[in-house]
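Asker: In this note's numbering, the protein residues as written are 1048 to 1268. Ideal Cβ placement from N, Cα and C applies to all residues, glycine included.
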Amino acid sequence: MKKFLTLIIISLFIKINGQSFYKGALVIDAGGGLEIYNTKVVIHDKTNDLTETKNDKAGSTHFTVGAEYGLHKRFGIGLRYKNNNYFVSKDTVSGNTGTIKSNDILVQLNYHAVSKKSFDLVLGSDIGYTGIKYHFNDIKNTQLKGSGIYYSFYIDPRLYIGRFGFNMKLSLPFFNYPKLTTNDVDFNNTFSSLKLQGSPGFGLSFGIQYRFLDLKDDSKK
């Protein structure tokens, strides 16, 4: 990471003709990393009419693939798919280890603050749909699932070698699942609602990107 940051700093001070992002550019990227959240679970017990809030932490690894199109030499819009796999500890009673996975489909808006031939500094955000599933892996095949919203703010420095490049993204991710449902009858008879929130978070990922389509003359206007 130190070498990556050093190359970024050098690129900011070296004057190089050309730009790595422009109007009409199409950039595809893929990468992976991890995210850490402060979580809040809100459960309403309908038998006693009580609401309980539990605060904890959660972490996940993820894989992403996306595409961005240049609307302007500084602004781009794109779509991103993100698959998440959460860390789950073993249940102390049953000895089983469940699985928690989620999938996000996001719209991304990017501002290219610095765009040189071999370096692109992206400031952006993404927002969209997220769906989560928790399999307890017990004998009753208990499952918990729900849908909600995911959004993040990030800084994404990118290095280019021709059309190909590498990137490192630092992000502040959030998610909100306003209603989770389960196939556990006993749980449904006792509780009327279950909410899950994750914020504020921290994310770090590394990836690669490739740029299609050439710079047109009118893109500089």
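Indicate whether Gln-1256 and Ile-1075 have their beta-carbon atoms separated by less than 8 Å.
Answerer: yes
Asker: On a CA-only basis, which of Leu-1241, Lys-1104, Ser-1141 is nearest Phe-1183? Give me that one, please.
Answerer: Ser-1141
Asker: Under the assumption that Tyr-1069 contacts Gly-1113 (Cβ atoms under 8 Å), give the Cβ distance between them as a whole number of angstroms.
Answerer: Not confirmed; about 18 Å, so no contact.
Asker: According to the Cβ coordinates, are Lys-1164 and Ser-1067 closer than 8 Å?
Answerer: yes
Asker: Between the Cα of Phe-1200 and those of Val-1232, Ile-1174, Gly-1212, Lys-1192, spot the shortest distance and give me the residue it belongs to.
Answerer: Ile-1174
Asker: Among the residues of its own chain, which have a CB less than 8 Å from the CB of Phe-1122, if the five just before and after it don't count?
Answerer: Leu-1156, Asn-1157, Tyr-1158, His-1159.
Asker: From what residue to what residue does the alpha helix (DSSP H) around Asn-1236 run?
Answerer: 1232–1237
Asker: Count the other CB atoms, across all protein chains shown, that sit within 10 Å of the CB of Ser-1252; report buried if there are 16 or more and exposed otherwise.
Answerer: buried
Asker: Cβ atoms of Glu-1082 and Pro-1204: under 8 Å apart, would you say?
Answerer: No.
Asker: By DSSP, does Leu-1262 sit in helix, in strand, or in coil?
Answerer: coil
Asker: Which two residues bound the contiguous beta strand (DSSP E) that contains Tyr-1201?
Answerer: 1190–1208
Asker: Would you mind sorting Lys-1104 into buried or exposed? The rule is 16 or more other CB atoms within 10 Å of its CB.
Answerer: exposed
Asker: Are the Cβ atoms of Gly-1178 and Asn-1150 separated by less than 8 Å?
Answerer: yes
Asker: Could you tell me whether any non-hydrogen atom of the ligand NAD is closer than 7 Å to the CB of Lys-1129?
Answerer: This structure lacks the ligand NAD; in fact it carries no ligand of any kind.
Asker: CB-CB under 7 Å to Gly-1195, same chain, minus the five flanking residues each way: which ones, in chain order?
Answerer: Thr-1177, Phe-1222, Asn-1223, Tyr-1224, Pro-1225
Asker: Under 8 Å by Cβ, that's how I've got Lys-1263 and Gly-1071 pegged, so tell me the actual separation to the nearest angstrom.
Answerer: 6 Å
Asker: Mapping the DSSP letters down to three states, classify Ala-1114 as helix, strand or coil.
Answerer: strand
Asker: Note down the Cα distance separating Asn-1131 from Val-1169, rounded to an integer number of angstroms.
Answerer: 23 Å
Asker: Give the straight-line distance between the Cα atoms of Lys-1268 and Gly-1248, rounded to the nearest whole angstrom.
Answerer: With a pLDDT of 41 at Lys-1268, under the threshold of 50, the modelled position of this residue cannot be trusted; read the value that follows with caution. If you draw a straight line from the Cα of Lys-1268 to the Cα of Gly-1248, it comes to about 39 Å.
Asker: To the nearest angstrom, how far is it from the Cα of Gly-1079 to the Cα of Glu-1099?
Answerer: 35 Å
Asker: Mapping the DSSP letters down to three states, classify Tyr-1069 as helix, strand or coil.
Answerer: coil
Asker: Kindly indicate the opening and closing residues of the beta strand (DSSP E) around Val-1154.
Answerer: Its beta strand (DSSP E) spans residues 1146–1162.
Asker: Cβ of Thr-1237 within 8 Å of Cβ of Asp-1096?
Answerer: no
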